[in-house]
Amino acid sequence: MFKKLKNLETAFQHVRIFSIAIVLLAFAAVCFMAWLLKSESVALQKKVYVLSGNTAWSAKAVERAEYLPLAARGHVRAFHELFFTLDPDEKVNKRNLSRALYLADNSARKVYDSLSVSGYYASIIAGNISQRLNVDSVQVDTRASPYHFRCYATLHIIRSTSQVAQSLITEGDLREVERSDNNLLGFLIEHWSTIENKVLTISNH
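Residue numbers 230 to 434, in my numbering, belong to the letters of the sequence shown in order.
Structure follows, in structure tokens:
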């Protein structure tokens, strides 16, 4: 009798251990599945799509600190390309300059006003001149705000009889502002100034 009771007790202990093991394994499996679902959810939230016409481009959302240097350089590049790209077309020039002035403070407005008063833009139209800017590089120090930058570019002034290439180096600061339709990257150029603008080559057609 005692032997049977001992065997029953041993069997009961085995069943209890087995049951506890199953419960622990089930709990671990549920925790793993919850973690997996959460990870997939976070990954899906970071995946965005950019619509261009009828095409959707896949993109990945990242923290601002990760793309800050790239965005800052892109803002500086966009401003300079808009500000210095000119054609013998008043509407085109006004559109580009208007877009550029949304990206900078009064320091850029002063340069624009000075060039307007001097008749620079009028001479572009009257002389059928085109102006193009190739940004060679942009250096931005993002360690502390406002972010100081320096832009190295080559300015091409194209006339019917000649083409002039000029070295252009500017600098200034970048301050973070709210994004808008007119300022997609959320920066504002401040204290903008030209530190070099010299002729490199002149070629006759």
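Quick reminder that beta carbons are idealized off the backbone N, C-alpha and C, glycines included. Model, not experiment: these values are computed from the prediction.
With the cut-off set at 9 Å, would you say residue i and residue j are in Cβ contact?
| i | j | result |
| --- | --- | --- |
| S366 | C380 | yes |
| R328 | N411 | yes |
| Y376 | A301 | yes |
| L384 | Q360 | yes |
Reducing DSSP to helix, strand and coil, say where residue i ends up.
| i | result |
| --- | --- |
| G348 | coil |
| D334 | coil |
| A300 | helix |
| F231 | Note that F231 scores 47 on pLDDT, short of 50, meaning its location in the model is unreliable; the coordinates nonetheless yield the value given after this. Residue state, collapsed to three classes: helix. |
| N363 | strand |
| H377 | strand |
| L413 | coil |
Among the options, which one has its Cα closest to the Cα of residue i?
| i | options | result |
| --- | --- | --- |
| D370 | V305, L266, M262 and N357 | V305 |
| P298 | S422, I249, H385 and A373 | A373 |
| Q368 | E295, F261, L330 and D402 | D402 |
| S422 | C260, G303 and V340 | V340 |
| N357 | E319, A250 and L265 | E319 |
What separation, rounded to the nearest whole angstrom, lies between the Cα atoms of residue i and residue j?
| i | j | result |
| --- | --- | --- |
| L234 | A257 | A caution first: L234 carries a pLDDT of 49, below 50, which makes its placement in the model unreliable, though a value can still be read off. Rounded to whole angstroms, L234 to A257 spans 34 Å at the Cα level. |
| L362 | L315 | 9 Å |
| V197 | F308 | Residue 197 is absent from the model: the chain starts at 230 and stops at 434. |
| V406 | F312 | 20 Å |
| L254 | T239 | 22 Å |
| R324 | Y350 | 13 Å |
| F247 | V259 | 18 Å |
Report whether the distance from the Cβ of residue i to the nearest heavy atom of the ligand SAH is below 8 Å.
| i | result |
| --- | --- |
| L344 | Of the ligands one can find in the structure shown there are none, so the ligand SAH has no counterpart to examine. |
| message | I'd like to know if the segment 391-399 and the segment 420-428 are in contact, where contact means that at least 3 CB-CB pairs between them fall below 8 Å. | response | Three or more Cβ pairs drawn from the segment 391-399 and the segment 420-428 lie within less than 8 Å of each other, which places the two stretches in contact.
| field | Segment contact, 8 Å Cβ cut-off, at least three pairs: the segment 370-380 with the segment 398-405 | value | As far as the Cβ criterion goes, the segment 370-380 touches the segment 398-405, which means the pair count is three or higher.
| Does the count of Cβ pairs from the segment 409-422 and the segment 324-337 closer than 8 Å reach three? | Yes: at least three Cβ pairs fall under 8 Å.
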